[in-house]
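Protein chains: 2
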Amino acid sequence: MLQTVQKAAQVLRLFTPRQPEWGVTEVAAALAIPKSGAHALLRTLAAEGLLQRTPNGRYRLGWSLFELSQTLLDSSALLRAARPVMERLVAGWGETTHLAVLVDGQVLYVEKLQGDRALEIVLSGVGKRLPAHCSGVGKVLLAHQPWETVLQIVQRTGLVSFTPNTIRTVEQLREELERVRQQGFAYDQEEVMVGLCCAAAPIYDESGQVIAAMSLSVPAYRFYPNRQRLTTAIVDAARRVSEELGYYQEAWPWENGKQSRSRSSELATSAPT
Amino acid sequence: MLQTVQKAAQVLRLFTPRQPEWGVTEVAAALAIPKSGAHALLRTLAAEGLLQRTPNGRYRLGWSLFELSQTLLDSSALLRAARPVMERLVAGWGETTHLAVLVDGQVLYVEKLQGDRALEIVLSGVGKRLPAHCSGVGKVLLAHQPWETVLQIVQRTGLVSFTPNTIRTVEQLREELERVRQQGFAYDQEEVMVGLCCAAAPIYDESGQVIAAMSLSVPAYRFYPNRQRLTTAIVDAARRVSEELGYYQEAWPWENGKQSRSRSSELATSAPT
DNA sequence: GCGGTGGTTCGTGCATTCTGAACGGCGTCC
DNA sequence: GGACGCCGTTCAGAATGCACGAACCACCGC
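Residue numbers (my numbering), protein chains in the order written: chain R, 1 to 273; chain G, 1 to 273.
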């Protein structure tokens, strides 16, 4: 592990929408390093285009990051595979779908398609982060991490409460993740926002690793009556993306016992009547 | 300059849409460093989320970059200021406008709004790079760089020819950039693509530095008859963005002699009759 | 004009990175 | 199916590049 590079990455991570501009002294304080060191990091990152220097000697994120991000999006098999599936999902249900990955122990939303029946979900947004323990996608992603990793994450960020339904204890989380892993999907039952629910399912890559999660967000009053159909829909959609990514498994978790090797049923993405 | 960070940045820059996946050996060869060093760089970058490891031990860009890029876009005063102006420009002319910055000696397009009368411009795209010597925005950006910097860029990347009109010699470039600097705008007269022209103007930040360039791209047969109006429109639009960014100058270059301190005329963004 | 804040520079000592060789897993070609 | 070769990974010694604190300078507010 190259510590200098680690520090450079830490510096980049300081820049957030809340504080998009940093000075040398601030960075030094934030990372608990001497000013001269912070200066060297900032200067180098700026010279490489990852940061840009403002006229008054402070620093902001640089355009190279934008370019790299575009390259990432262009070449992402995940997005390519997920987008059409998400579009069909939105077309069928009129609800909002999310695609998210785990970054640094938190949920990072990488795609969001809003349906016409959907209510505006402000919290989630493309490029935005949220704690993982409270959302459907977050629980799915955590459930497929080693428990020690989950523990580290929780110890670092805590279990922030958004609603009365938010998971509050480590024990609760452990049980919930176990259930999610077993059944192959997760619900968010008004855990991040009162009145908002979702069903989420994991997306596997060719090696069988869970690399992302997909969800269908629904107002509570439409969620509870349709939970079963929603579950089938999102699980099936996620499976379709996984298969597109080269993942094939004899029996999917919730099919234990059956030996159905058939491709995903076309039924699942159809709208509720 | 922290060399380790420099190398890390070099590694990131290797990842392009053309080759979005790299192995240790490839990176080592590309940067002319030992395998073990390349391995350390890749591993660290992956641990920090700037890269991701594929199941078979190769590397791709990581989702952190996406997040950083979103933060950049969210907090970019340039984009916030430029977007409405570009929209009015497109609405008035029906042509395509570009917003670009200089990254590593090349033009990086950061925004592109396509008009309804416009022809599809494939070469330019948000997040895409092009050499600077041939496009309108490129010439504007180069014109406001020190000549030694321009020379370095040219020596590194050469003067690639796209059409018979592309600038081919350093001497030509020097003259053209001088003219662009004097007059405060640049034309691209079928220099990157036959049949395609554009007018481009610089955008200044509060400190008087040129940080971006804006252009209006027009098919050749509509360009030549309307050149004067086009020029006024793009120069005026760019000035409006500059002023939004906090740049005020007594006399703009092309106003030498006059002492018009009046705000930009509303006329300029109106459509040609 | 003075003090304070914040960005920048410099030189030295020490730890971190660099290097090259060896290991082991995987795919492939015979 | 076996052996070869490629490639990602690991390790230990050696020197180079980074960390550090003090000092400098420019700007701003008082």
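All C-beta atoms in this analysis are idealised placements derived from N, C-alpha and C, irrespective of residue type, glycine included.
As the structure is a prediction and not an experimental result, all values here were calculated from the model.
Burial state of residue i, where buried means 16 or more other Cβ atoms lie within 10 Å
i	result
residue 180 (chain R)	buried
residue 1 (chain R)	exposed
residue 52 (chain R)	buried
residue 70 (chain R)	buried
residue 221 (chain G)	exposed
residue 158 (chain G)	exposed
residue 171 (chain G)	exposed
residue 107 (chain G)	buried
residue 276 (chain R)	The structure shown has nothing for residue 276 (chain R), since chain R only spans 1 to 273.
residue 34 (chain G)	exposed
residue 286 (chain R)	Residue 286 (chain R) cannot be examined here, being either before or after the span of chain R that is shown, 1 to 273.
residue 207 (chain R)	exposed
residue 194 (chain R)	exposed
residue 210 (chain G)	buried
Spatial distance of residue i from residue j (CA atoms)
i	j	result
residue 223 (chain G)	residue 142 (chain G)	23 Å
residue 150 (chain G)	residue 105 (chain G)	8 Å
residue 178 (chain R)	residue 204 (chain R)	18 Å
residue 110 (chain G)	residue 227 (chain R)	42 Å
residue 29 (chain R)	residue 219 (chain G)	54 Å
residue 57 (chain R)	residue 248 (chain G)	20 Å
residue 68 (chain G)	residue 225 (chain G)	43 Å
residue 27 (chain G)	residue 155 (chain R)	36 Å
residue 147 (chain G)	residue 14 (chain G)	27 Å
residue 17 (chain G)	residue 169 (chain R)	44 Å
residue 83 (chain G)	residue 93 (chain G)	15 Å
residue 72 (chain G)	residue 242 (chain G)	19 Å
residue 42 (chain G)	residue 130 (chain R)	27 Å
residue 277 (chain R)	residue 145 (chain R)	Missing from the structure shown is residue 277 (chain R); chain R here goes from 1 to 273 and no further.
residue 23 (chain G)	residue 3 (chain G)	21 Å
residue 32 (chain G)	residue 39 (chain G)	13 Å
residue 5 (chain R)	residue 36 (chain R)	16 Å
residue 231 (chain G)	residue 237 (chain G)	10 Å
residue 266 (chain R)	residue 122 (chain G)	In this predicted model, residue 266 (chain R) has a pLDDT of only 40, less than 50, meaning its place in the structure is not dependable enough to derive any value.
residue 74 (chain R)	residue 66 (chain R)	12 Å
residue 174 (chain G)	residue 160 (chain R)	59 Å
residue 120 (chain R)	residue 120 (chain G)	33 Å
residue 47 (chain G)	residue 196 (chain R)	34 Å
residue 233 (chain R)	residue 25 (chain R)	51 Å
residue 128 (chain R)	residue 76 (chain R)	18 Å
residue 19 (chain R)	residue 19 (chain G)	33 Å
Cβ-based neighbour list, residue i, same chain, cut-off 7 Å, excluding 5 preceding and 5 following
i	result
residue 136 (chain R)	186, 187, 188, 198, 199, 200, 215
residue 97 (chain G)	86, 89, 90, 113, 214, 215, 216
residue 95 (chain G)	115, 117, 118, 216, 217, 218
residue 212 (chain G)	78, 99, 100, 101, 203
residue 126 (chain R)	109, 110, 111, 112
Neighbourhood of residue i by C-beta, 8 Å cutoff - its chain only, sequence neighbours within 5 removed
i	result
residue 139 (chain R)	132, 133, 176, 177, 180, 186, 188, 200
residue 45 (chain G)	8, 11, 12, 51, 59, 62
residue 191 (chain G)	134, 135, 162, 163, 165, 166, 167
residue 54 (chain G)	21, 60
Cβ neighbours of residue i in the same chain (closer than 6 Å, five flanking residues each side left out)
i	result
residue 62 (chain G)	49, 50, 51, 52
residue 102 (chain G)	141
residue 64 (chain G)	49, 50
residue 81 (chain R)	241, 244, 245
residue 235 (chain R)	185, 201
heavy atom of the ligand COA below 7 Å from residue i C-beta
i	result
residue 190 (chain R)	For the structure depicted, the ligand COA is absent and the ligand set is empty, with no information on it obtainable.
### Message
Using a Cβ-Cβ cutoff of 7 Å, what residues of the stretch 1-17 of chain R are near chain G? List them in chain order.
### Response
1, 2, 4, 5, 6, 8, 9, 12, 15, 16, 17
### Message
For the stretch 94-118 of chain R, list every residue whose C-beta sits within 9 Å of some C-beta in chain G, in sequence order.
### Response
101, 102, 103, 104, 108, 110
### Query
Which ranges does the alpha helix (DSSP H) cover as unbroken runs of at least 4 residues, wholly within the stretch 174-256 of chain G, from first to last along the chain?
220-244
### Task
List in chain order: all unbroken beta strand (DSSP E) runs of 3+ residues lying wholly within the stretch 43-116 of chain R.
51-53, 59-61, 96-103, 106-113
### Task
With 9 Å as the limit, tell me which residues of the stretch 114-147 of chain G have their beta carbon closer than that to any beta carbon of chain R; keep them in chain order.
125, 126, 127, 128, 129
### Task
Taking a Cβ distance cut-off of 9 Å, strictly less, list which residues of the stretch 205-216 of chain G are near chain R, in chain order.
205, 206, 207, 208, 209, 211
### Query
For the stretch 63-74 of chain R, which residues have a beta carbon sitting closer than 8 Å to at least one beta carbon of chain G?
63, 64, 65, 66, 67, 68, 69, 70, 71, 72, 73, 74
### Residues of the stretch 16-48 of chain G with Cβ closer than 8 Å to any Cβ of chain R, in chain order
16, 17, 20, 21, 40, 41, 43, 44, 45, 47, 48
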